[in-house]
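Everything on this sheet refers to the single structure shown next.
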Amino acid sequence: MPNKNVAYTPSNSITVNQTGVYEINYFSNVSVTLGTTLTMAIRVNGTNIPSTVLSRSLSLGTSSIYSGSTIVSLNTGDVIDMVLSTLLSVGVTLGSGVNETLSVKKIN
-15 MPNKNVAYTP SNSITVNQTG VYEINYFSNV SVTLGTTLTM AIRVNGTNIP
35 STVLSRSLSL GTSSIYSGST IVSLNTGDVI DMVLSTLLSV GVTLGSGVNE
85 TLSVKKIN
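Going letter by letter, the sequence shown gives residues -15 to 92 in our numbering.
So, in structure tokens, the structure goes:
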């Protein structure tokens, strides 16, 4: 994907190199190896963006799509990443095809 004013360090994250207002889009298709509640969120500097927190109770082998979009103000050096968490220790399987995406686009 084209990039401008961002870096992909640390790994599995996007670091913003210019202060501004950004649109963040995210998508994940996952299933679990044990019935539990799975939560997905987008974080800035390790803190969840509240409007991106999605929790679902999943049954064994049931896949679920987590997706959304948000607009946030970010500062130079902010690190954006996607995190999955569960109440229990379980295996998480990504869906086939496109299984996770995270895009950050400066709009102002």
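Cβ atoms here follow ideal geometry from the backbone N, Cα and C, with glycine treated the same way. All values derive from a computational prediction rather than experimental measurement.
- Counting along the chain, Y10 sits inside the beta strand (DSSP E) bounded by residues 4 to 16.
- With contacts defined as CB atoms closer than 9 Å, G19 and L38 fail to qualify as a contacting pair.
- For the 9 Å CB-CB criterion, V5 and N29 do not form a contact.
- Every candidate alpha helix (DSSP H) stretch fails here, since none sits fully inside the stretch 19 to 53 while reaching 4 residues.
- In this structure T36 is buried. Its beta-carbon is surrounded by 16 or more other beta-carbon atoms within 10 angstroms.
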